[in-house]
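Protein chains: 4
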Amino acid sequence: MSKTKAPDSSRRSERSRRAIYDAALALVGEAGYAKTTIEGIAARAGVGKQTIYRWWPSKAAVLLEAFLDLAERASEGESEIPDTGDLEADLKLVLRATVDELNSPAYDGPARALAAESVVNPELAAQFVEKLLEPQLQLYVRRLRAAQDTGGVRVGIELRTALELFTGPLTHRWLLRTLPLTHDYADAIVEYALYGLAPRS
Amino acid sequence: MSKTKAPDSSRRSERSRRAIYDAALALVGEAGYAKTTIEGIAARAGVGKQTIYRWWPSKAAVLLEAFLDLAERASEGESEIPDTGDLEADLKLVLRATVDELNSPAYDGPARALAAESVVNPELAAQFVEKLLEPQLQLYVRRLRAAQDTGGVRVGIELRTALELFTGPLTHRWLLRTLPLTHDYADAIVEYALYGLAPRS
Amino acid sequence: MSKTKAPDSSRRSERSRRAIYDAALALVGEAGYAKTTIEGIAARAGVGKQTIYRWWPSKAAVLLEAFLDLAERASEGESEIPDTGDLEADLKLVLRATVDELNSPAYDGPARALAAESVVNPELAAQFVEKLLEPQLQLYVRRLRAAQDTGGVRVGIELRTALELFTGPLTHRWLLRTLPLTHDYADAIVEYALYGLAPRS
Amino acid sequence: MSKTKAPDSSRRSERSRRAIYDAALALVGEAGYAKTTIEGIAARAGVGKQTIYRWWPSKAAVLLEAFLDLAERASEGESEIPDTGDLEADLKLVLRATVDELNSPAYDGPARALAAESVVNPELAAQFVEKLLEPQLQLYVRRLRAAQDTGGVRVGIELRTALELFTGPLTHRWLLRTLPLTHDYADAIVEYALYGLAPRS
DNA sequence: CACTAATCGAGACGGTACGTCAAGTCTTCCT
DNA sequence: AGGAAGACTTGACGTACCGTCTCGATTAGTG
Numbered sequence: 001m002s003k004t005k006a007p008d009s010s011r012r013s014e015r016s017r018r019a020i021y022d023a024a025l026a027l028v029g030e031a032g033y034a035k036t037t038i039e040g041i042a043a044r045a046g047v048g049k050q051t052i053y054r055w056w057p058s059k060a061a062v063l064l065e066a067f068l069d070l071a072e073r074a075s076e077g078e079s080e081i082p083d084t085g086d087l088e089a090d091l092k093l094v095l096r097a098t099v100d101e102l103n104s105p106a107y108d109g110p111a112r113a114l115a116a117e118s119v120v121n122p123e124l125a126a127q128f129v130e131k132l133l134e135p136q137l138q139l140y141v142r143r144l145r146a147a148q149d150t151g152g153v154r155v156g157i158e159l160r161t162a163l164e165l166f167t168g169p170l171t172h173r174w175l176l177r178t179l180p181l182t183h184d185y186a187d188a189i190v191e192y193a194l195y196g197l198a199p200r201s
Numbered sequence: 001m002s003k004t005k006a007p008d009s010s011r012r013s014e015r016s017r018r019a020i021y022d023a024a025l026a027l028v029g030e031a032g033y034a035k036t037t038i039e040g041i042a043a044r045a046g047v048g049k050q051t052i053y054r055w056w057p058s059k060a061a062v063l064l065e066a067f068l069d070l071a072e073r074a075s076e077g078e079s080e081i082p083d084t085g086d087l088e089a090d091l092k093l094v095l096r097a098t099v100d101e102l103n104s105p106a107y108d109g110p111a112r113a114l115a116a117e118s119v120v121n122p123e124l125a126a127q128f129v130e131k132l133l134e135p136q137l138q139l140y141v142r143r144l145r146a147a148q149d150t151g152g153v154r155v156g157i158e159l160r161t162a163l164e165l166f167t168g169p170l171t172h173r174w175l176l177r178t179l180p181l182t183h184d185y186a187d188a189i190v191e192y193a194l195y196g197l198a199p200r201s
Numbered sequence: 001m002s003k004t005k006a007p008d009s010s011r012r013s014e015r016s017r018r019a020i021y022d023a024a025l026a027l028v029g030e031a032g033y034a035k036t037t038i039e040g041i042a043a044r045a046g047v048g049k050q051t052i053y054r055w056w057p058s059k060a061a062v063l064l065e066a067f068l069d070l071a072e073r074a075s076e077g078e079s080e081i082p083d084t085g086d087l088e089a090d091l092k093l094v095l096r097a098t099v100d101e102l103n104s105p106a107y108d109g110p111a112r113a114l115a116a117e118s119v120v121n122p123e124l125a126a127q128f129v130e131k132l133l134e135p136q137l138q139l140y141v142r143r144l145r146a147a148q149d150t151g152g153v154r155v156g157i158e159l160r161t162a163l164e165l166f167t168g169p170l171t172h173r174w175l176l177r178t179l180p181l182t183h184d185y186a187d188a189i190v191e192y193a194l195y196g197l198a199p200r201s
Numbered sequence: 001m002s003k004t005k006a007p008d009s010s011r012r013s014e015r016s017r018r019a020i021y022d023a024a025l026a027l028v029g030e031a032g033y034a035k036t037t038i039e040g041i042a043a044r045a046g047v048g049k050q051t052i053y054r055w056w057p058s059k060a061a062v063l064l065e066a067f068l069d070l071a072e073r074a075s076e077g078e079s080e081i082p083d084t085g086d087l088e089a090d091l092k093l094v095l096r097a098t099v100d101e102l103n104s105p106a107y108d109g110p111a112r113a114l115a116a117e118s119v120v121n122p123e124l125a126a127q128f129v130e131k132l133l134e135p136q137l138q139l140y141v142r143r144l145r146a147a148q149d150t151g152g153v154r155v156g157i158e159l160r161t162a163l164e165l166f167t168g169p170l171t172h173r174w175l176l177r178t179l180p181l182t183h184d185y186a187d188a189i190v191e192y193a194l195y196g197l198a199p200r201s
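Protein chains in written order, with full-length UniProt numbering: chain A, 1 to 201; chain B, 1 to 201; chain C, 1 to 201; chain D, 1 to 201.
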């Protein structure tokens, strides 16, 4: 066994965990990730520092869980991408919604913090991807597969790769703020990319 | 005058600046951005702390300048994207080279550090984009415009948007390490995206 | 009732008490008073922390009881100072024994700890004096009184004061380690002091 | 070299040192040694914690120096024990003064703290004895030697031992508070002990 | 002999202080 | 005047214990 002692999770205080999630998200939103301290989270949550150190290995881990918890509660039911038969319309709908989400201050703060830390912290990134990002990307895979079955997407296309044509550009603009992230942009990306995936005449 | 004192840049020590760049890049490469300290850079550069604080406002700014300096020396001549007449081949060439660069440890360390900090620090991001990223993206704009002229890319396509179909996915995989970043991946992205930009039959 | 709850001492675990005494003395001997913690005592004794807090108000109290228990077992029969008729020889015998005891590591550790804490903690000092020190000093009073009766000590001497001529110097050397504590020293103290108490010719 | 880095004492801030001495003595006087924390001293002195850790290895060391500094300023001129020719009167005078000092709250607090820590910390004790206690005891040696020359004290008496007949009992009562420490007590000790040192008829 | 109440080992909790590290400012001495 | 050096105040780090507070699991004496 590598660790000296594993705490008994059945004894864990649910109250404290909630308070820590709330405090962490609030502080990151207010002051940014770098200025958020474990001491600050503990103080705001009305909790001893040790209670944080007992259950999480790092500030990043706290925030990831808090964000996961937030995302989980937000998306009760893990909504699939709609399938109206019109792939382009469906993708535009979803991507516009994503644009709105990324532009909303409540999400932006913690999400950026997590993304930034993930860029530089492979362990966190792995969890971030596994728990949050990849499940969302799989929604695209399923929707695109359905389209493939009905002839909207060319057979032979590697869907896990193709979906990045949609999500990659959006993420890029959001992360580095190169240019404004708008509905029009989302529409353009869908239009340009989708035609590339269409069956060749 | 708002600042207490503006240092006289004509008296600045070139030796120290170089030493600071070198030390900063070396430390970020060895230990990562978070573990790189101003004190450490000063010590490694054989320089007083004040010499750093006199000329740069933050650790991120030092690193950005050091990286800019590195990139400048690396690309003497700002190589344009080649134009052999075969857009697909030209893009694959460039994107494969980009993949190799992103996968090389020497670049990866400092670049990640800068990207991560930019995600969370809009001022730095603005400089990063203006000085480093956008000039590179404009290379794509020019190559795509040439293709538009010769009929390889549909008229009416917004090129500044379209180029992100290529760069966005690559950057995304690199930053978050979702999946391996390979030549095959670069090729697939080019193939899928380019067809979407092609003139409609 | 002022206290929240008085524990029922009839249900008290004798096993635990012994284990706590042993652990406390061992730890103080090994690491010193300051580095001995209640948590450490509990762990070493295989006992819950609460079991200590239930029965003792402080670390010092635990140690005092442990030491008292030790002293009690050591001196089954509260040996009086011998009375061979030769006061000087009797006192030298006892003081030499005291020197040996103070120099023995087993006693030294806990006794120092207790003394140090008593210096700074009047409540503990009161108990320490009442339970341990004063009873021992009364042995001197009784032996000196016997000597007074047989003319070895001047009438009018305040014995409770006089005995400190013997014990004070020894204790002083022991506590502050000013100079080595030897049999010769004990002998000298007896010789010098005793003549001062003798009847005046 | 064993230590990582030795600070440059010529650059040391005199202001900080004074403030630390004052704060340390004040806090020990007000709250006792155990409740005095390095953090508290730093805060009260308006000084960073690191400034304390840079120059002293421990709380005890700070206090010792502070106390030494206090004692030094208090006794400008290292007053010798007076020699009126009447040894008994001279000793009573000095011992009564000592009694008053030990009973004065300003001295009592810090001195107790130091004594208590010395009991349990041999390194500190060594310094305490060397710098503070032994010089004072040597005053007794000198006065007793003068008495020996004029026939007030028996030839052959080991003075360094003999003086403990006076100081030992006083210290003992003070440290453990066995009984009240009064002028009468001091007088009695002098009377009893001095006769023991007198030339034998 | 079962019941039931208190003690037990265990350890999570909100806290305080520890001793360390680095931040950014200031001062001194050198070139 | 800039630079090397490094002491200063500040504040967060992660750790160790504090004393309090639940938790089942014994473990007695009582009904």
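Backbone N, C-alpha and C define an ideal beta-carbon position, used for all residues, glycine too.
- The residues Ile52 and Lys59, in chain order, have a CB closer than 6 Å to that of A:Ile38 in the same chain once the five nearest residues on each side in sequence are set aside.
- Secondary structure at B:Val47: coil, using DSSP grouped into helix, strand and coil.
- About 5 Å separates the CB atoms of B:Phe67 and B:Pro110; that is less than 8 Å, so the two are in contact.
- Identification of chain A residues near B:Thr178 by a Cβ-Cβ cut-off of 9 Å yields Ala125, Val129, Leu133, Glu134, Leu137 and Glu164, ordered along the chain.
- Excluding sequence positions up to five before and after B:Leu139, its CB lies within less than 7 Å of the CB of Glu80 and Ile81, all in the same chain and listed in chain order.
- Leaving aside the five residues that flank A:Asp83 on each side, the residues in its chain whose CB is nearer than 7 Å to its CB run, in chain order, Asp90, Arg143 and Ala146.
- Only buried fits C:Thr178, as 16 or more other CB atoms lie within 10 angstroms of its CB.
- In this structure, A:Arg96 sits away from A:Leu175, with a CB-CB distance that is not shorter than 9 Å.
- CA-CA distance, A:Gln127 to A:Ser118, rounds to 9 Å.
- Taking a C-beta distance under 9 Å as the contact criterion, B:Trp55 and B:Arg17 qualify as a contact pair.
- The CB of A:Ser58 never comes closer than 8 Å to any CB in chain B; the least such distance is about 11 Å.
- The beta-carbon distance between A:Ala188 and B:Thr161, rounded to whole angstroms, is 5 Å. This is short enough to meet the 8 Å contact definition.
- Of the candidates C:Arg173, C:Lys35, C:Glu164 and C:Ala24, the residue whose Cα lies closest to the Cα of C:Arg44 is C:Ala24.
- Among the residues facing chain C, D:Ile157 is included, as its CB has a counterpart in that chain under 9 Å away.
- Taking a contact as a CB-CB distance under 8 Å, the pair C:Tyr192 and D:Leu165 counts as one, their CB atoms being some 6 Å apart.
- DSSP, read as helix, strand or coil, puts D:Asp86 in coil.
- Listed along chain C, no residue sits closer than 7 Å to D:Ala97 by beta-carbon distance, the nearest being about 18 Å off.
- Listed along chain A, the residues sitting closer than 7 Å to B:Tyr185 by beta-carbon distance are Thr161.
- For D:Leu194, the chain C residues whose C-beta falls within less than 8 Å of its own C-beta are Gly196, listed in chain order.
- Not one beta carbon of chain C lies nearer than 9 Å to the beta carbon of D:Ile41.
- Assigned with DSSP and collapsed to three states, B:Asp8 falls in coil, not helix or strand.
- When the beta-carbon positions are compared, B:Leu124 and B:Ala31 stay at least 9 Å from each other.
- If you look at D:Thr161, you'll find it in the alpha helix (DSSP H) that goes Leu159 to Ala162.
- D:Arg173 and D:Leu181 do touch by the CB rule: their CB atoms are close to 5 Å apart, below 8 Å.
- Under the three-state reduction of DSSP output, A:Lys59 falls in the helix class.
- Annotation: Cβ neighbours of B:Thr167 in chain A (cutoff 9 Å, chain order): Gly168, Pro169 and His172.
- DSSP places D:Ala26 in the helix class (H, G or I) of the three-state scheme.
- Put simply, the CB of A:Tyr33 is near chain B, with a gap under 9 Å to one of its CB atoms.
- Less than 9 Å separates the beta-carbon of D:Tyr21 from that of D:Asp69.
- Residues Tyr33 of the same chain have their beta carbon placed closer than 8 Å to that of B:Ala116, with the five preceding and five following residues left out of the count.
- DSSP, reduced to helix, strand and coil, places D:Asn103 within a helical segment of the structure shown.
- The DSSP-derived three-state label of D:Leu181 is coil.
- When the Cα atoms are used, B:Thr167 and A:Val190 turn out to be separated by approximately 16 Å.
- At a cut-off of 9 Å, the C-beta of C:Arg112 has a neighbouring C-beta in chain D.
- Non-local C-beta neighbours of C:Leu64 in its own chain, meaning closer than 7 Å and more than five positions away in sequence, comprise Leu114, Leu124, Gln127 and Phe128, ordered along the chain.
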